[in-house]
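A.B. asks: Before I ask anything, here is the structure I am working with.
There are 2 protein chains.
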Amino acid sequence: MDVRERLQALREQMRKRKIAAYIVPTEDFHGSEYVGDYFKTREYLSGFTGSAGTLLVMQERAFLWTDGRYFLQAQEQLSGSGIELMKSGEPEVPTLSEFLGKELKKGDVVGFDGRTVTGAFVKELAEKTAEKPVTFYGKRDLAGLIWEERPPMSAEPVWELAVSYAGFSREEKLAKVREEMTKERADALLVTALDETAWLLNLRGDDVKHTPVFLAYMFITGRRAILCAQTQAFSEQIKEDLKRAGITILPYESIEELVASLPAGQRLMADERKVSYRLLHAVSKGVERIDKPSPIALLKAVKTEREITHIRSAHVKDGVAVIKFIYWLKTHVSKEEITEISAAGKLEELRCEGEGYLGQSFEPIVAYGAHGAIVHYSATPETDAVLQPKGLCLADTGGHYSEGTTDITRTIALGEVTAREKRAYTLVLKGHLRLGAAKFIEGACGQNLDVLARQPLWEEGLDYNHGTGHGVGYLLSVHEGPQNFRWRMNDNVACVPLQEGMVISNEPGLYVAGQFGIRHENLVLVRKGEKTNYGQFMYLEPLTMVPFDKDAIEVSLLRPSEKKMLNDYHEKVYETLAPHFTGEELAWLGEATAAV
Amino acid sequence: MDVRERLQALREQMRKRKIAAYIVPTEDFHGSEYVGDYFKTREYLSGFTGSAGTLLVMQERAFLWTDGRYFLQAQEQLSGSGIELMKSGEPEVPTLSEFLGKELKKGDVVGFDGRTVTGAFVKELAEKTAEKPVTFYGKRDLAGLIWEERPPMSAEPVWELAVSYAGFSREEKLAKVREEMTKERADALLVTALDETAWLLNLRGDDVKHTPVFLAYMFITGRRAILCAQTQAFSEQIKEDLKRAGITILPYESIEELVASLPAGQRLMADERKVSYRLLHAVSKGVERIDKPSPIALLKAVKTEREITHIRSAHVKDGVAVIKFIYWLKTHVSKEEITEISAAGKLEELRCEGEGYLGQSFEPIVAYGAHGAIVHYSATPETDAVLQPKGLCLADTGGHYSEGTTDITRTIALGEVTAREKRAYTLVLKGHLRLGAAKFIEGACGQNLDVLARQPLWEEGLDYNHGTGHGVGYLLSVHEGPQNFRWRMNDNVACVPLQEGMVISNEPGLYVAGQFGIRHENLVLVRKGEKTNYGQFMYLEPLTMVPFDKDAIEVSLLRPSEKKMLNDYHEKVYETLAPHFTGEELAWLGEATAAV
């Protein structure tokens, strides 16, 4: 079947059930950032392979919403399919829910696989169509009914992360979770995020690209802890260990029945912004739902002493690889053909030399020149640029190690850079340094501090259209909450104070379309500093250990205090990493970290 | 009757109604910052005259909660009353609701005048006593039943603020409010804050100290606008004008019936953090309540072009008075006896010379030496210190003019100041200047920017335990929302982006107990700046026009950029105010504003 035939088959299924509009999002059942092949329904039905997009199928027409990163690609891939491209974020392009609010008639039925959308998503749809109103049908995966030769659901072997890495046993973690449940007077907690289950059980897997997690749900009460997962992925040893920790394993699909079995009068913690519509729908009428984030998110974000020790060492290994990469790039760019893709390959090779390296923590971004201005650029054979010995190359990459997860961006001068590039590089660096050097009172949130990174840009009428930082998991998702550095407040999500032990990225940027892009990213660790009469103060310890490129710094733009911040950081980089280098590389590192 | 007899009379009323605990807060029926004599029930029953405190009467014991400002005063005033002092904020002192959660038994009845507490207050009480549970009785003002010779409710004449000051007619404002109601699909809006009603109707009054408002409620639907107020306070002319604008006047007490008359199925906007328990209780069962802030708060906060023009001129008048005051203080402190109270009197005299001056916008704070460290210090005859020709005097004062409301703090060197005082003065000034010079992107909130004022202090392990800034009304309350500068996020209150036309104070401080206090406060106006490819940028225009005291500045601590900010501001002060001075005062102003 081609895309047109697939859509016709879907429409027939829709007609049988009197569904006027069927929504196919990109998500799996857990809101994961990357999804396995089994879940690529939107790609199967539309032919569009981008990492973000939502398909809407109606009887006469079909539409695909995607964002600026994918306009060109979507245009090409949708051509001939009859699917119309909706350019999200463009003026006058309605959102999906606005569109449905306008197009639907009273009583129309809107369908979707209720496991692939959150409760909050459907709530918003209901609000936007409140005038009609319409009804929702989320019981069946219609695409599944017509998808021939659908890839099976991934069920890679699950493996254990030793307590010597994790810091707490699963029994200890479970006790902590139950303590938090008690504070909320919750009788049960529904865990759907894959990294939360992996963290809680000290287990890892390989069911999701770039994220060592496994497909599973958990349902926790005061007395029971039930893991709903693909039992074939677990060794007998792990099954036994789980049993000993009081954890029962049931089949993956049992979660719905479990949720439904909670008796009326009980209180269930389940966050409608995370939990699927279908699971929320399964909750019995009389159950009181506590609509708050899972307590595991915060517990997981605060790293243990053991984790922190390991993370520091992962960053040393990662720093060695990235410094070797930068040295190689700078010394080879004029001598051999290096492309964006081959450069990324070289860096991966160098990382593989690190002991305990397990793989990339996300799709690497190596973006040369104008490509650097495309924030989520990922080189394809069609776009793969040959690096020239001039201008800037932005490399945003990261790895998973047994000792933790890294994420680093360096913008590298491959030769001569223009005055404009230098100025931009330096303004972004000022923001990065100022945020990195922030001293703040306990209780402050990332939303309070973000301005420190942006101020040098805002003063010039410049800005970057992304957050300044995100939390980073321990051998889990490279993006985790609840902490972050950003200025926008989300009315629906409470701001979270920065706590000792949290790991966050500090990554301001500046993007000049068609010309160049700059981003400077270190991971930092939140730490307690001095306690005075005025309160407990906090500071940020840099974890990432790689110099910034002095070839691209306009030193005259740095304040004395900023020079000191840069020099102090470079001194620390040299002290920490010099023992891992010899010869020319060591000499280069010495120069690259010498005071400005 | 003395306090003991009053408490006994109250207890008898409690027994009749089987009330185990009766709560008497300080509030009037509108959550006003100051309350009229009629509402001073807590003072009548306890003898304690402070501006904040909550009395709890039980059959055997009675308790008064108040904060650090009033520990000494309360101790004295409560002595012999049998009322026990509960020092709010001290370790191990429970809050009122925590205390009740512990002390009460299942089924106990908690009483209060349901008009003096908000719905949110009672909700919190209910949560803290959820284990018992208890019931609430808010129908009767028991204190009113026993209060002999209670002062009448204030009903001062209401007067009109001309459209030439307000910028919009009441018809225009009403139309804007209804637009906002439509966005929320609200059938009715309940307005209880006095400044909101005064703003909406372009009327002012004199029923609350320091705030030119009148006792009233409003109930607004798509077709009706009903003012519930004391009709005797309105002239025939104003009554007619209101009628012509489609506004009906009903007696003050009718509000409860009006609220109750809203039929089931309708949607009522009423904020449980502002609206009294009793009014919320009057809402019919089937009415859907929209628990959001009144839209008037935001409309009122964004000043009109007319208002802004007037506000600038009010600040010129106020600046003249404050500059004359500082000059007088510095030149007379060594020559005659000046006390904190007499100095405040002198400043009031000077303000009275300004055309259109209507009175103080709050209780003036003139605090010398160690008194400056008491954030809410208000001199009494007992504490009134004689000013010496040395050290620092903190003066936080403000006025109402037909052209708007002012609020300014200057910390004045009366002679020699220590190196420590200078350093502290300068650190606070650095923060004040940095926040004042902030350039930021549209959409940013005060919570994003507060750190700019605190950073110079946080870097030294210092801080001040209050917000950096509050909104200021136009000839209304000197404290208004929803905008502010603060870093703490309140989970229950959404952060509000700073909009062009908002007026906010910028007032960082530093307090060294037993030694000195420093605060620097300007009012600033939010304005739109340049629009670039990266967004619309905003900046803050200083409204307050009074120099900072160079005698207390340690110039070597200022960065070049900070010196420029200070010099630019002082130049603007001189340019704007010099035309209003002659002779020695002019010469002094020239020196006081000369570049550092």
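Here the protein sequences come in this chain order: A and B.
The opening position of the first sequence corresponds to residue 662 in my numbering, with each subsequent residue numbered one higher.
The opening position of the second sequence corresponds to residue 662 in my numbering, with each subsequent residue numbered one higher.
Even glycine gets a Cβ: it sits at the ideal position worked out from N, Cα and C.
1. By DSSP, does Ala723 (chain A) sit in helix, in strand, or in coil?
2. Lys1189 (chain B) touches chain A at which residues, Cβ-Cβ below 9 Å?
3. Output needed for Cys889 (chain A): all residues of its chain with C-beta closer than 6 Å, excluding positions within five of it in sequence on either side, in chain order.
4. Compare the beta carbon distance of Arg950 (chain B) and Ala931 (chain B) with 8 Å and say whether it is the shorter of the two.
5. Where do the ends of the beta strand (DSSP E) carrying Gln1197 (chain A) lie?
6. Which residues mark the beginning and the end of the beta strand (DSSP E) in which Phe773 (chain A) is found?
7. What are the residues that DSSP puts in a beta bridge with Lys1051 (chain B)?
8. To the nearest angstrom, how far is the alpha carbon of Glu737 (chain A) from that of Arg676 (chain A)?
9. What's the C-alpha gap between Met1199 (chain B) and Asn1151 (chain B)?
10. On the DSSP letters alone, give me the boundaries of the alpha helix (DSSP H) that Ala1098 (chain A) sits inside.
11. Buried or exposed: which applies to Ala823 (chain B), given that a residue is buried once 16 or more other Cβ atoms fall within 10 Å of its Cβ?
12. Alpha carbon to alpha carbon, how far is Ala859 (chain B) from Leu1201 (chain B)?
13. Could you spell out the range, first to last residue, of the beta strand (DSSP E) harbouring Leu851 (chain A)?
14. I think Ile684 (chain B) touches Leu717 (chain B), with their Cβ atoms under 8 Å apart; what is that distance to the nearest whole Å?
15. To test your reading of the DSSP string, which unbroken beta strand (DSSP E) runs of 3 or more residues are found completely within the region 890-927 of chain A?
16. Taking contact to mean at least 3 C-beta pairs separated by less than 8 Å, is the region 783-795 of chain B in contact with the region 803-819 of chain B?
17. Between the C-alpha atoms of Leu1219 (chain B) and Phe1101 (chain A), what's the straight-line distance to the nearest angstrom?
18. Got a sec: is the Cβ-Cβ distance from Val795 (chain A) to anything in chain B below 8 Å?
19. Could you name the residues that DSSP lists as bridge partners for Val1133 (chain B)?
20. Taking the C-alpha atoms as reference points, what is the distance between Ala854 (chain A) and Phe782 (chain B)?
21. Please work out which residues of its chain come closer than 7 Å, Cβ to Cβ, to Ser1003 (chain B), disregarding the five sequence neighbours upstream and downstream, and give them in chain order.
22. Mark Pro1158 (chain A) as exposed unless 16 or more other C-beta atoms lie within 10 angstroms of its C-beta, in which case mark it buried.
23. Quick one: list the residues of chain D neighbouring Asp1124 (chain B), beta-carbon separation under 8 Å, in chain order.
24. Use the C-beta contact count for Gly768 (chain A): other C-beta atoms within 10 angstroms, 16 or more gives buried, fewer gives exposed.
25. Put Met1163 (chain B) into one of helix, strand or coil per three-state DSSP.
26. Below 8 Å, can you find three or more Cβ-Cβ pairs linking the region 1107-1119 of chain A to the region 1103-1111 of chain B?
27. With H, G and I counted as helix, E and B as strand and the rest as coil, what does DSSP make of Phe797 (chain A)?
28. So, with DSSP's three-state summary, where would you put Ala682 (chain B)?
29. Which residues bound the beta strand (DSSP E) around Lys1192 (chain A)?
30. What's the gap between the Cα of Val1027 (chain B) and the Cα of Ile1035 (chain B)?
31. Taking Cβ positions, are Thr777 (chain A) and Glu841 (chain A) nearer each other than 8 Å?
32. Can you say whether Val1089 (chain A) is buried or exposed, counting buried as having 16 or more other CB atoms within 10 angstroms of its CB?
33. Cβ atoms of Ser693 (chain B) and Val869 (chain B): under 8 Å apart, would you say?
34. Output yes if chain B places a C-beta closer than 8 Å to the C-beta of Glu1120 (chain A); else output no.
35. Exposed or buried, Asn1126 (chain B), counting other C-beta atoms within 10 Å across all chains shown (16 or more means buried)?
36. When the Cβ atoms of the region 1128-1147 of chain B are set against those of the region 955-966 of chain B, are three or more pairs found closer than 8 Å?
C.D. replies: According to the data block:
1. For Ala723 (chain A), the three-state secondary structure derived from DSSP is strand.
2. Result: empty, since nearest Cβ-Cβ is about 12 Å, beyond 9 Å.
3. Tyr878, Leu911, Tyr913, Ser915 and Ile916, listed in sequence order.
4. The Cβ-Cβ distance between Arg950 (chain B) and Ala931 (chain B) falls below 8 Å.
5. Gly1196 to Pro1203 is the span of the beta strand (DSSP E), which, as asked, contains Gln1197 (chain A).
6. Val770 to Phe773 is the extent of the beta strand (DSSP E) around Phe773 (chain A).
7. Listed as beta-bridge partners of Lys1051 (chain B) by DSSP are B:Glu1077.
8. In a straight line, the C-alpha of Glu737 (chain A) is about 29 Å away from that of Arg676 (chain A).
9. If you take the alpha carbons of Met1199 (chain B) and Asn1151 (chain B), they lie about 24 Å apart.
10. Going by DSSP, Ala1098 (chain A) is part of no alpha helix (DSSP H) at all; its letter is neither H nor E.
11. So Ala823 (chain B) counts as exposed.
12. Their backbone Cα atoms lie some 27 Å apart in a straight line.
13. Leu851 (chain A) -> beta strand (DSSP E) spans Ala849 to Val852.
14. Contact between Ile684 (chain B) and Leu717 (chain B) holds: CB atoms are separated by about 6 Å, below the 8 Å threshold.
15. Counting whole runs of 3 or more residues, the region 890-927 of chain A contains the beta strand (DSSP E) stretches 908-912.
16. The count of Cβ pairs closer than 8 Å, one atom from the region 783-795 of chain B and one from the region 803-819 of chain B, stays below three, leaving the stretches out of contact.
17. Their Cα atoms are separated by approximately 21 Å.
18. So no, Val795 (chain A) is outside the interface.
19. None, per the DSSP bridge assignment.
20. Computed Cα separation, rounded: 36 Å.
21. Excluding residues within five positions, none has a Cβ falling inside 7 Å.
22. The residue in question, Pro1158 (chain A), is buried, as its Cβ has 16 or more Cβ neighbours within 10 Å.
23. Within the model displayed, chain D is absent; protein chains A and B are what it includes.
24. Exposed, by the Cβ-count rule.
25. Residue state for Met1163 (chain B) is assigned as strand, using DSSP reduced to three classes.
26. A contact exists between the region 1107-1119 of chain A and the region 1103-1111 of chain B.
27. For Phe797 (chain A), the three-state secondary structure derived from DSSP is strand.
28. Ala682 (chain B) sits in a strand when the DSSP states are folded into three classes.
29. Unbroken beta strand (DSSP E) run through Lys1192 (chain A): Asn1183 to Thr1193.
30. In a straight line, the C-alpha of Val1027 (chain B) is about 11 Å away from that of Ile1035 (chain B).
31. Cβ distance not < 8 Å, so Thr777 (chain A) and Glu841 (chain A) don't count as in contact.
32. A buried status is given to Val1089 (chain A), since no fewer than 16 other beta-carbon atoms sit within 10 Å of its beta-carbon.
33. For the pair Val869 (chain B) and Ser693 (chain B), the CB atoms are nearer than the 8 Å cut-off.
34. Cβ-Cβ to chain B under 8 Å: yes for Glu1120 (chain A).
35. Flag for Asn1126 (chain B) reads exposed.
36. The answer is yes - the region 955-966 of chain B touches the region 1128-1147 of chain B, with three or more Cβ pairs under 8 Å.
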